[in-house]
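K.L.:
Using UniProt numbering, the letters of the sequence shown map in sequence onto residues 1 to 163.
Each residue gets a CB set at the ideal place from its N, CA and C atoms; glycine is no exception.
None of the values given here were measured: they were computed from a predicted structure.
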Amino acid sequence: MKVKLARIDDRLIHGQVTTVWAKEAAAERIIIPSDEVASDEIRRTLVKQAAPPGIKVNVVTPEKAVKVYHNPKYKDETVFYLFTKPQEVVDLVKGGVPIDSINIGGMQFKVGRVQLTKAVSVSKEDVAAFYELIDLGVKLDCRVVATDSPKDFEILLKQAVFN
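1. Classify valine 93 as helix, strand or coil using the three-state DSSP reduction.
2. I'd like the ranges of any alpha helix (DSSP H) spanning at least 4 consecutive residues and lying wholly in the stretch 51 to 134.
3. Excluding the 5 residues flanking threonine 84 on each side, which residues of the same chain have their C-beta closer than 6 Å to its C-beta?
4. Please look up how many angstroms separate the CB atoms of alanine 6 and serine 101, rounded, as I've assumed it's under 8 Å.
5. Looking at the secondary structure, which residues open and close the beta strand (DSSP E) in which alanine 26 lies?
6. For asparagine 58 and threonine 117, I'd like the C-alpha separation in whole angstroms.
7. Would you mind working out which of Gly96, Glu154 and Ile31 sits nearest arginine 44, comparing C-alpha positions?
8. If we ignore side chains and look at the alpha-carbon of each, how far apart do serine 149 and cysteine 142 end up?
9. Identify whether valine 138 lies in helix, strand or coil by the three-state DSSP scheme.
10. Measure the alpha-carbon distance for lysine 64 versus glycine 112 and round it to whole angstroms.
11. Could you give the C-beta distance for valine 37 and valine 97, rounded to a whole number, given that I count them as a contact under 8 Å?
12. Who does valine 3 pair with in a DSSP beta bridge?
13. Leucine 156: which of Ala50, Gln115 and Ala25 sits nearest, CA to CA?
14. Below 8 Å CB to CB, which residues in the same chain sit around serine 121 once its five sequence neighbours on both sides are set aside?
15. Return helix, strand or coil for isoleucine 13, following the three-state DSSP convention.
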């Protein structure tokens, strides 16, 4: 499998993903490795229905995504990984999936999170996972759309102060 793009966007497939990022990735398949989405039949169905034309969408657990990546049957396929949170990215990278860079595009604000940009809010667990990705050699690319200038996400992480 050839990884064309990896992005964290907890909204998953929506306007920016279908009109901008899917074209930027130019991949045959979008894989969403998420225990939460894989176990939610309604959300799984809605995500598949929102897929851009001509692109297959699979919602699987991170564990299954690692197995699929290593299956020689799929070695020539191109993939766009779409994640809901950084912990899922850690799972794939530790499983041997070569994700060199992760685009951080949207993580909605919820209680217990700190807002870093207009589109990205993080929990303590998210911050720990991002630092783990840095330690694993993954570049953090914070942009909502491809034409945005990337923000230095490491500097933003250092500003995350929790009460």
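P.N.:
Short version:
1. helix
2. 62 to 70 and 86 to 94
3. Asp10 and Ser34
4. 7 Å
5. Neither: alanine 26 is in no beta strand (DSSP E) and is coded neither H nor E.
6. 29 Å
7. Ile31
8. 8 Å
9. coil
10. 30 Å
11. Incorrect: roughly 18 Å between the Cβ atoms, too far for contact.
12. Val79
13. Gln115
14. Met107, Gln108, Phe109, Lys110, Arg113, Val114 and Gln115
15. coil
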